[in-house]
Amino acid sequence: MTVLAVVLGVVVAAGAVLLVAWPFLREPVAADDRLDAPSEGEAHWLELLDERDRVLGALKELEFDHRTGKIGDDDYGSQIGPLRRSAAAALRAIDGYRARMSAPEIPDLPTEPGPPPDEGTPPTPAPVPEPYPPPDEADIPAPAPQE
Amino acid sequence: MSTRSPARLIVALGVAAVLAVFLLYTAVAGHSTPTLTPSQLANHSGQLAVVGVVVAPVHGDSHSAAGLRFGLKNIDGKSGVVRVVYHGDNPPPLFRAGRNVVVSGSYLNGRLAGNNVVTKCPSKYTAAKPA
Amino acid sequence: MADLGRAALVVSLGLLVYALVGGSVAAVTNRRRLAVSARNALFCAFGSTAIAATVLAVALVRHDFSFAYVATHTNRTLSTPYALSAFWGGQEGSLLLWLLVLTGYGALAVALNRTLLRDLTVWVVPVLAGIGTFFAFVLVAVASPFDTQTAPLDGAGLTPSLQNPYMVAHPPMLYLGYVGLAIPFAFAAGAMLSGRTDERWIVATRRWTLAAWMFLGFGQLLGAHWAYVEVGWGGYYAWDPVENAALMPWLAATAFLHSVMIQERKGMLKVWNMVLVALAFELSVFGTFLTRSGVVNSIHSFAKSPIGAWFLAFVVISSLFSLALILWRLPLLKARTKLESALSREAAFLYNNLLLVALCLTILWGVLFPIITQLVKGETRTIGRPYYDFFLRAFGLPLLLLMGIGPLIAWRKTSFRTLAKTLAWPGAVTIACGIALVAFGAGSSHPGLIAYTFSAFVLSTIVLELVRGTRATGSLVALVSRNRRRYGGYVVHAAIVLLAIGIAGSSAYSSSTIRKLSPGQSMTLSGYTLTLQDVVRRQVPNATETRAILAVKGRWNGRISSGDNQYVNPPEPSREVGLKTNWLRAEDLYVIADSVNLKTKTVYVKVLVKPLVNLIWVAGFVFVLGSLIALWPDAREQRRLVTRLAPARA
Chain A
112 MTVLAVVLGV VVAAGAVLLV AWPFLREPVA ADDRLDAPSE GEAHWLELLD
162 ERDRVLGALK ELEFDHRTGK IGDDDYGSQI GPLRRSAAAA LRAIDGYRAR
212 MSAPEIPDLP TEPGPPPDEG TPPTPAPVPE PYPPPDEADI PAPAPQE
Chain B
1288 MSTRSPARLI VALGVAAVLA VFLLYTAVAG HSTPTLTPSQ LANHSGQLAV
1338 VGVVVAPVHG DSHSAAGLRF GLKNIDGKSG VVRVVYHGDN PPPLFRAGRN
1388 VVVSGSYLNG RLAGNNVVTK CPSKYTAAKP A
Chain C
2 MADLGRAALV VSLGLLVYAL VGGSVAAVTN RRRLAVSARN ALFCAFGSTA
52 IAATVLAVAL VRHDFSFAYV ATHTNRTLST PYALSAFWGG QEGSLLLWLL
102 VLTGYGALAV ALNRTLLRDL TVWVVPVLAG IGTFFAFVLV AVASPFDTQT
152 APLDGAGLTP SLQNPYMVAH PPMLYLGYVG LAIPFAFAAG AMLSGRTDER
202 WIVATRRWTL AAWMFLGFGQ LLGAHWAYVE VGWGGYYAWD PVENAALMPW
252 LAATAFLHSV MIQERKGMLK VWNMVLVALA FELSVFGTFL TRSGVVNSIH
302 SFAKSPIGAW FLAFVVISSL FSLALILWRL PLLKARTKLE SALSREAAFL
352 YNNLLLVALC LTILWGVLFP IITQLVKGET RTIGRPYYDF FLRAFGLPLL
402 LLMGIGPLIA WRKTSFRTLA KTLAWPGAVT IACGIALVAF GAGSSHPGLI
452 AYTFSAFVLS TIVLELVRGT RATGSLVALV SRNRRRYGGY VVHAAIVLLA
502 IGIAGSSAYS SSTIRKLSPG QSMTLSGYTL TLQDVVRRQV PNATETRAIL
552 AVKGRWNGRI SSGDNQYVNP PEPSREVGLK TNWLRAEDLY VIADSVNLKT
602 KTVYVKVLVK PLVNLIWVAG FVFVLGSLIA LWPDAREQRR LVTRLAPARA
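Protein chains in written order, with this note's numbering: chain A, 112 to 258; chain B, 1288 to 1418; chain C, 2 to 651.
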């Protein structure tokens, strides 16, 4: 075995050990070693966003299908109302949740954004979520005229 | 709006349809061919396929009346030699004595009348003979 | 240098075991530093595997015959590209390629999602490490590419029929596909292990799945093309177990790719998706088992190898793991909405799932049948081509039809009247095509005629979708760029249609004849008259070439030659077919000359005319184009994903 091969092997193994041990070397004693998982509040927020996106997506699909003739006026008429109500409810739920989250008396929700998360640093409190950017106007087609 | 989802019904009907197609095929047209080694041929006859290694001598022509004639033995060598008379398209170029093949045809009275020969690609996953 | 390669593999194994054990402990006990450490171990495993791969690649290029692997699969006359291709030409090298791609993909997937999906990737790491541990173990303990020997003067060389550009590209494409299916599987397992069974794992792995599916599909077409031009029996797919081993996971992945759209939009088919992704992954490993174990007879004859038992054990354990996970998490996999109508796009996707899975399991039954009969009856029985052809038609033709109907149905529900109105124009085009095809003689084969008319139907529905969509949005470019996934999918559908037409044409409508010719004698087939002019033999470096030269008149005028090559090193023959593509008539003239007698100058000539076969190869490029369109990053979708998932990263 050549000297080069031995040296390379040792360097590779040492590098691997260093990288694997790095989190412990960087923070020999961690103030908080918990995994950073979404809290219940954040999980609920995600569900609300998922529901809003799903309903808005369904609305967009319905409008597009109607415009392209895949769905008739009767079916469109029977589906658009409930879908719009669901969309409104989803948006209201998000607004309501956002309003509740801003209330200082809810202890598990932060009022200030923390520093950006970084590798090896302890988890920071979740910042207040930014408002979801509104869908592009072009994505929300104007309702088709009802005959 | 219906409150009962037709999803389960669709899946059940779909599975039933698939099974029906399958049963229909196997009942009407399905058949499988025994694939045997030369040492397993003793109590068999009729349409079958034999997997073995080609044994010299190999002579004749698959297009002629007398056919291409050769022997087949178990790949592990632990069997007698089965005589094969093959008629049909020329066997693949890899066909020769010592090559593993699958011969399909009709077996009767210790002789295989072959009508199809498949030679196996030289194995990529075993050591080739050194040059 | 072999020692370096060996050591690198041992280091990989150690790192993967650490990532598996440490990652599992970190995920279960909620420990952040250990989770990051395990993730780093996965990254390092890729690095050390890359070193092992580099050692083997260098040895191949340098013809270092002290490596037993290099001596077995190359020789000094082999050019560098083919010498490098021997990397995946043998058992050990191909396993190393598997591990390299797995650790590379795994490291990248985890790195890209480590911030946004931190709660998922903490589980994904041990799952990927578990898969990697198996392959690393096999490489270290069972089949090492770094066994050494006293270097012979020259190596055994590469089989001449494998010295072909398609055969160089075919295996790595397949591996990028097979191994790529491990990523969505790992994320699905991570979702179930973490209890986060919402759609994030699907969104995160969608492009991975699509890329793996694209490589697997294209890789199969490369193999088919190699068989067509190189093996020279006139066909391209023989329903051989090894060929089926690639088709089955592709079918399962096709079902998965479609089915996840329903979960994303409607929160339905969650259990289906977990089952499909596990099925696709397990079938990809099972295919690897079939290929290497020698347990089924195949023309791709890989000898019985002890590695088969290890692979079988891995497939069984990982399948039980997947099943246990799905059963455990069934309560979390309940659908959010119900299927409202049997005539809806959701239902169409469900039918799609059923047909694809049925076809996949039918093929699996055919592959396993010899093993099952051996176990049950003590006698091996093989299912032949008619079985596969029957079920391809039984399930494939309805799938083709569904490909046309599905996109035209609305979500939630469609009335028969609306659907009939939508289908009016494509229906009319289809009927007109059918009548024209019968008039032109396509009625000689009923399955062929059905395939052609269904294809016409699908193409017209795609055109209809594009026309209507363009009218609705004002611009075709805007239409496609706003919904790349959908319209990329339509391009892929068009590719499948081309494939269907090519397969139907070249199988149902091909013709062939065989004759023994002496110089001056002729034979005629489908408007071509071939006259044997001469039989020649010449020496070239490393081979003796024997050719029958034929003059062709009729639909095409020219000369064509066919025969065989006898190589010196390695001492193997190869068939050399004569192939002329008549682009005007969209057909191939395929000539196989055999049993050449140089004394009498007689030769047996088999001639085939294969209509539309080249559409199969064109379909491959259209398939890749459609996949790339669907894969193309969408900035708006990315922004939404980041913003939506941002709270999970804090």
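Just so it is clear, CB atoms sit at the ideal spot from N, CA and C, and this is done for glycine as well.
Under 7 Å by beta carbon: chain C residues contacting residue i
i          : result
A:Gly-180  : Thr-423, Arg-469
B:Asn-1403 : Near B:Asn-1403 there are no residues of chain C at all, since even the closest Cβ is about 10 Å away, more than 7 Å.
A:Leu-119  : Leu-5
A:Pro-193  : Within chain C, no residue comes near A:Pro-193; the closest Cβ sits about 10 Å away, beyond 7 Å.
A:Glu-172  : Trp-412
A:Asp-206  : Residues of chain C passing the Cβ test: none, with the nearest at roughly 16 Å.
B:Asn-1377 : Asp-595, Ser-596, Tyr-605
Any chain B beta carbon closer than 8 Å to residue i
i         : result
C:Leu-355 : yes
C:Lys-607 : yes
C:Thr-381 : yes
C:Ile-372 : no
C:Arg-576 : yes
Extent of the continuous alpha helix (DSSP H) to which residue i belongs
i          : result
C:Asp-155  : Note, C:Asp-155: premise wrong, no alpha helix (DSSP H); not H, not E.
B:Ala-1343 : From DSSP, B:Ala-1343 is part of no alpha helix (DSSP H) but of the beta strand (DSSP E) over 1333-1347.
C:Lys-581  : Here C:Lys-581 belongs to no alpha helix (DSSP H); instead the beta strand (DSSP E) covers 579-583.
C:Phe-68   : Where C:Phe-68 is concerned, there is no enclosing alpha helix (DSSP H), given that its DSSP letter is neither H nor E.
B:Lys-1360 : Here B:Lys-1360 belongs to no alpha helix (DSSP H); instead the beta strand (DSSP E) covers 1355-1360.
Limits of the unbroken beta strand (DSSP E) element including residue i
i          : result
C:Tyr-529  : 529-541
C:Arg-516  : 512-518
C:Tyr-591  : 588-598
C:Thr-601  : No beta strand (DSSP E) contains C:Thr-601, which DSSP labels as neither H nor E.
B:Pro-1321 : 1319-1323
C:Gln-567  : 559-568
B:Val-1390 : 1387-1395
C:Ile-550  : 544-555
Exposure of residue i, with buried meaning 16 or more beta-carbon neighbours within 10 Å
i          : result
A:Arg-145  : exposed
C:Arg-293  : buried
C:Gln-540  : exposed
B:Val-1421 : Since the first and last residues shown for chain B are 1288 and 1418, residue 1421 of chain B lies out of range.
A:Asp-206  : exposed
C:His-74   : buried
C:Val-71   : buried
CB contact check: residue i to chain C, cutoff 8 Å
i          : result
B:Leu-1310 : no
A:Leu-130  : yes
A:Ala-125  : no
B:Pro-1380 : yes
B:Pro-1321 : yes
B:Val-1446 : Missing from the structure shown is residue 1446 of chain B; chain B here goes from 1288 to 1418 and no further.
B:Ala-1294 : yes
B:Gly-1301 : yes
Residues that residue i contacts on chain A, provided the C-beta gap is smaller than 9 Å
i        : result
C:Ala-42 : Ala-127, Leu-130, Val-131
Per-residue contacts from residue i into chain C (C-beta, under 9 Å)
i          : result
B:Val-1345 : Ordered by position in chain C, no residue passes the 9 Å Cβ test against B:Val-1345, which lies about 13 Å from the chain.
B:Pro-1325 : Here the premise fails: no neighbours, minimum Cβ distance about 13 Å.
Contact set between residue i and chain B, taken where Cβ atoms lie within less than 9 Å
i         : result
C:Ala-495 : Here the premise fails: no neighbours, minimum Cβ distance about 26 Å.
Contacts of residue i in chain A (Cβ-Cβ under 8 Å)
i         : result
C:Ala-1   : This structure cannot speak to residue 1 of chain C, because chain C is shown only from 2 to 651.
C:Ile-318 : Correct list: empty, because the minimum Cβ distance to chain A is about 26 Å.
Amino acids of chain C, ordered along the chain, whose beta-carbon sits closer than 8 Å to that of residue i
i          : result
B:Asn-1361 : Simply none; closest approach about 13 Å.
8 Å Cβ cutoff, residue i in contact with chain A
i        : result
C:Ala-60 : no
C:Val-37 : yes
Neighbour list for residue i in chain E, Cβ cutoff strictly below 9 Å
i         : result
A:Ala-200 : The structure shown contains no chain E; its protein chains are A, B and C.
TODO: Mind the definition here: the region 330-339 of chain C touches the region 267-281 of chain C only if three or more C-beta pairs lie below 8 Å; say whether that holds.
DONE: yes
Open item on the list: Count Cβ pairs between the region 591-603 of chain C and the region 444-455 of chain C that sit closer than 8 Å; are there 3 or more?
Closed with: no
Task: Three or more C-beta pairs below 8 Å linking the region 15-31 of chain C and the region 1394-1407 of chain B - done: no
Task: Meets three-Cβ-pair contact criterion under 8 Å: the region 114-129 of chain C and the region 185-201 of chain C - done: yes
TODO: Inspect the CB distances between the region 343-363 of chain C and the region 304-323 of chain C and report whether three or more fall short of 8 Å.
DONE: no
TODO: Tell me, please, whether the region 569-578 of chain C touches the region 486-494 of chain C by the rule of three or more beta-carbon pairs shorter than 8 Å.
DONE: no
- [ ] Determine, using beta-carbon pairs with one atom in the region 585-597 of chain C and one in the region 605-623 of chain C, whether at least three such pairs fall under 8 Å.
- [x] yes
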